[in-house]
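Quick notes on the structure that follows.
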Amino acid sequence: MIYLSKIIFLLILIFTYPLTAQISDIRYSTSNEEIIISIDSDSIATYAMLAAGAEKKETVILLHGLPGNERNLDLAQELRKNGFNVIYFNYRGAWGSQGEFSYANCLQDVSEVIDFFNNPENSEKYKIKTDSYILFGHSLGGGIALISGALDNRVKKIAVYSPFHIGTASDESLHWAYEYSKSLFMLELNPEKFYNELLTNKHIYNVVNYNKELLQKPLLILDENERNKIWIEKLKNVEYVLMQTDHSFSDKRSELITKVINWL
């Protein structure tokens with residue numbers, strides 16, 4: 007009887023173990039999460055693309071440009087396949103997120119998003135390493151990534167492409183941004199106020215002024231032409247790559263993705 011009981015017990019273990027493992031796998035499988043993050047009295051829309059596995063992971067935060075038509079979700083999928091969590095969010099005043107769109111707010115939003123995911127409960131829930139963030143920015147988001155990343159010790163690496171650099175932008179370029187912003191109904195912004203903010207704060211928004219802070223962080227900058235070469239060459243610890251393409255790397259997406267993943 008005892009012998010029979012042992013056999014039954016072993017059979018139960020054999021047949022229930024795969025089920026237990028499956029439940030565990032489902033719990034830590036690849037997933038997407040819609041998240042609302044509060045910043046002051048506003049709420050911003052956030053989308054988390056979480057990699058499989060119970061361990062905490064490096065997390066890439068995507069920073070879009072003006073207004074943010076290119077979201078780099080193709081890159082996000084490949085990053086997740088390679089074991090990275092990916093966070094996409096819309097700045098305050100962009101694409102339904104509440105509040106006012108401004109460069110200063112965009113910089114603050116990055117820090118607030120990291121604060122949210124560094125909350126112990128959230129870092130455990132979303133399996134995030136709290137000291138291993140990577141910023142990836144496009145266009146306006148490129149400058150935001152470099153400045154906010156320079157000032158945040160939780161950010162370990164920064165990659166950008168086609169960066170729009172306020173600090174060295176010509177008056178003509180800033181005026182173009184002003185005229186363009188008038189058509190951006192998906193942004194909650196005052197074009198005149200936004201234009202004056204950029205003009206007034208060109209020194210503060212000059213990435214080169216943060217060279218000391220950026221020294222300890224690997225940088226990857228990809229561009230479609232050499233318009234940014236002068237200020238990029240003043241940075242240290244940077245890999246600078248040129249690709250003949252357009253502002254969104256439309257016909258070089260595979261090359262862009264491969265380069266970023268290999269660099270990481």
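In the working numbering, the protein residues as written are 7 to 270. Think of the CB as a built atom: it goes at the ideal place given N, C-alpha and C, for glycine as much as any other residue. These figures come from a predicted structure and were not determined experimentally.
In chain order, 228 place their CB closer than 6 Å to the CB of residue 247, counting only its own chain and leaving out the 5 sequence neighbours on each side. Annotation for residue 154: 113 and 116 place their beta carbon closer than 6 Å to its own, counting only its chain and skipping 5 residues before and after.
Note: residue 70 is not bridge-paired with any residue in the DSSP secondary-structure output. The beta-carbon separation of residue 119 and residue 52, rounded to 7 Å, stays under the 8 Å limit for a contact. Within the same chain, 156 and 157 come within 8 Å of residue 219 by CB-CB distance, once the 5 residues on both sides are set aside. As DSSP reads the structure, residue 45 sits in a beta bridge with 48.
Considered as a whole, the segment 148 to 236 harbours 177 to 187, 197 to 206 and 217 to 220 as its complete alpha helix (DSSP H) runs of no fewer than 4 residues, in chain order. Sorting 209, 143 and 203 by C-alpha distance to the C-alpha of residue 174 places 209 at the top. Taking each of 177, 221 and 167 in turn and checking the Cα distance to residue 234, the smallest one comes out for 167. Around the beta carbon of residue 126, fewer than 16 other beta carbons lie within 10 angstroms, which makes this residue exposed. The beta carbon of residue 243 sits closer than 8 Å to the beta carbons of 220, 221, 222, 223, 224 and 225 from its chain, once the five residues preceding and following it are set aside; these are given in chain order. Within the model, the alpha-carbon separation for residue 94 versus residue 67 is close to 6 Å.
A direct Cα-Cα distance of roughly 30 Å separates residue 195 from residue 251. With respect to the 8 Å criterion, residue 63 and residue 133 are classified as neighbours on the basis of their beta carbons. Secondary structure note for residue 245: its beta strand (DSSP E) is the uninterrupted segment 244 to 248.
The residues 58, in chain order, have a CB closer than 7 Å to that of residue 35 in the same chain once the five nearest residues on each side in sequence are set aside. Around the Cβ of residue 143, a 10 Å sphere holds 16 or more other Cβ atoms; the residue is buried. Taking the C-beta atoms as reference points, residue 80 is found nearer than 8 Å to residue 263. Rounded to whole angstroms, the Cβ separation of residue 149 and residue 213 is 6 Å, and the two are in contact under 8 Å. Per DSSP, the continuous alpha helix (DSSP H) segment holding residue 81 begins and ends at 79 to 87. By the criterion of a C-beta distance shorter than 7 Å, residue 37 is surrounded in its chain by 56, once the five residues flanking it on both sides are discounted.
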